[in-house]
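See structure below.
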Ligand code: HEM
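Numbering (this note's numbering), first residue to last: 5 to 415.
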C-alpha cells in the first residue's frame, strides 16, 4: 500500500534532512505502511545516484539484506568517499580496495587479514593508554573557564588517538593524520568550507602516507601491527596499496562514527537527567550499546541486488540499489519496547547500529564500545555537573547522523 504521509520526492539521503533532524516520524510511517519503498529521485550520496533506490526501514528486512551477500552485493556500492582522478588509479580500482565495497571471496581474504588488528587481546592492550587519555581529556575540559564545545574538547580526540594507537602512528605524525581525516569527511557541510577536492586530496595524502609506512616495514620489519599486516607469509598479507586503503577506511569508519556516538550520548544524558544520574551511580555496562542504538551515527549504507528477488512485498530487480536505514531499524517497535526511550539498562539490545550482522559487521565494534565506556566514565568522574549551554548544531551530511557543536558548561 502506498505511503500517503510521505510526499513524492521525499529522499532519506537528502543532506538537508539529516542537517536538521533524524526523520524518525517518516521512518515510523514507512515501517508501518511501506517498509520497502522506491525513492525515485535521490539527492546523490555517492552510490545513491540518479537511478533511485529502495528504502528499507524494518529491523528484520535490514538484517535479511545484510546477511544475504549473495543476493545483495556490496561491490563498489557502499562507497562513502567519492574518488576522482586525484587518486592515482582509476576510480573503480580505488573503490575496489575498500573493505566495505568488497564481496566474498575477496572480502573474506582481506577481512581475514585485517581482523588481526582487532583481536580481544589487541584491544585490551590499548585499554590503559586510552583510559589515561580519556581522563586527561576530561580534566582539560574541566579546566575550561566558561562554556565549551564538547565535540572539539572531548569527543574528537579519543577516536583518533585509538586508531593511531591501533596501527602505531608515531606521535609526531598524528596531527597531520587528524587533519586529513577531518577534511575527508566534512565536505558535505558548507560551514567547513572544504571542497570535495580538498577532501579527496586529503584522502590521497593519507593513503600515500600509509603506503610509505607499509613499504618501509617491508624493507625493515619491526615488531608492530603494520609489519604483521604487510609481511605475514603463512596467513596472507596486504599489498601496500591495500594497506593504504585500510588505513583510509579506519580514518573514516572509526573516527566520525565514534565521535558522534560520544557527542549524541552526552546530549542524550543531559536531556535525560534520570539516565545521567543512574549512569553516575551505577555505570551500567549496557550504556554504550544503548547510546549507539539511540544515536545511530551511521544512518545508512547500501547494497545492490544481484538478481531479481522479493523483499517486504516488493520485487527488487537485479541491479537495483537498496538503502539500509539503520536508524529506522533501531526504532522498530517490533523489536524494541518503547523504542524512542533512551534507557541505558536496555538488555537485550539487538540494535543494528554496527550493521545488520552479515559479513561486513563493524570490525571496530569492541574498540568503539570501549572508547564510549572510557570517555563517559572519565566525564562522570571529572564533570558530574555538566549542563547543556545550547542546542546541538548538526552536521549536513547524506549518511552520517552527526553533531558538529555541542556547547556545555562544567558547573
Ligand atoms: C563497518 C558502524 C566504529 C571499523 C561498519 C558498518 C557500520 C559501522 C554500520 C557497516 C556494517 C555493515 O555493512 O554490515 C560503526 C559505528 C561505530 C563504529 C556506529 C562507532 C560507534 C568503528 C571503529 C572502527 C570501525 C572504532 C575501527 C577503528 C569498521 C570497519 C568496517 C566497519 C573496518 C568494515 C567491515 C567490513 O566491511 O568487513 N561500522 N562503526 N568502526 N567498521 Fe565500524
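Glycine residues also receive a C-beta, built at the ideal position from the N, C-alpha and C atoms.
If you compare the alpha carbons of 344, 382 and 415 with that of residue 29, the shortest gap goes to 344.
Per DSSP, the beta bridge partners of residue 40 are 60.
An exposed status is given to residue 337, since fewer than 16 other beta-carbon atoms sit within 10 Å of its beta-carbon.
Taking the Cα positions, residue 308 is about 11 Å away from residue 107. The three-state reading of DSSP puts residue 309 in strand, counting E and B together. Its chain contains 234, 244 and 247 as the residues whose beta carbon lies nearer than 6 Å to that of residue 218, once the 5 sequence neighbours on both sides are disregarded; these appear in chain order. Counting only the Cα atoms, residue 266 lies some 33 Å from residue 38.
Secondary structure of residue 338 (DSSP, three-state): coil.
For residue 304, the secondary structure class from DSSP, reduced to helix, strand or coil, is strand.
Non-local C-beta neighbours of residue 292 in its own chain, meaning closer than 7 Å and more than five positions away in sequence, comprise 373, 376 and 377, ordered along the chain.
For residue 372, the shortest separation between its Cβ and any heavy atom of the ligand HEM lies below 8 Å.
When secondary structure is reduced to three states using DSSP, residue 320 falls in the strand class. A check of alpha carbon separations from residue 139 across 396, 366 and 379 identifies 379 as the nearest. Residue 106 has its Cβ nearer than 8 Å to a heavy atom of the ligand HEM.
Taking residue 180 as reference, the option from 209, 362 and 157 with the minimal CA-CA separation is 209. Taken in chain order, the complete alpha helix (DSSP H) segments of 4 or more residues contained in the stretch 198-272 are 200-223, 229-235 and 244-257.
Our two residues, residue 358 and residue 119, have alpha carbons roughly 16 Å apart in a direct line.
Shortest gap from the CB of residue 376 to any heavy atom of the ligand HEM: under 8 Å. Note on the stretch 326-399: whole alpha helix (DSSP H) runs with a minimum of 4 residues are 330-333 and 369-386, in chain order. In terms of Cβ geometry, residue 58 and residue 356 do not form a close pair [threshold 9 Å]. Remark: C-beta atoms of residue 400 and residue 407 do not approach each other more closely than 9 Å.
Counting along the chain, no alpha helix (DSSP H) covers residue 121, and no H or E run does either. Residue range 407-409 is occupied by the beta strand (DSSP E) that includes residue 409, with no alpha helix (DSSP H) assigned at that position. Here the C-alpha atom of residue 388 lies approximately 14 Å from the C-alpha atom of residue 276.
In this structure, residue 226 has its beta carbon at no less than 8 Å from each heavy atom of the ligand HEM.
Boundaries of the alpha helix (DSSP H) harbouring residue 280: 277-286, taken from the DSSP string.
Straight through space, the alpha carbons of residue 231 and residue 264 are spaced by roughly 31 Å. Per DSSP, the beta bridge partners of residue 76 are 309.
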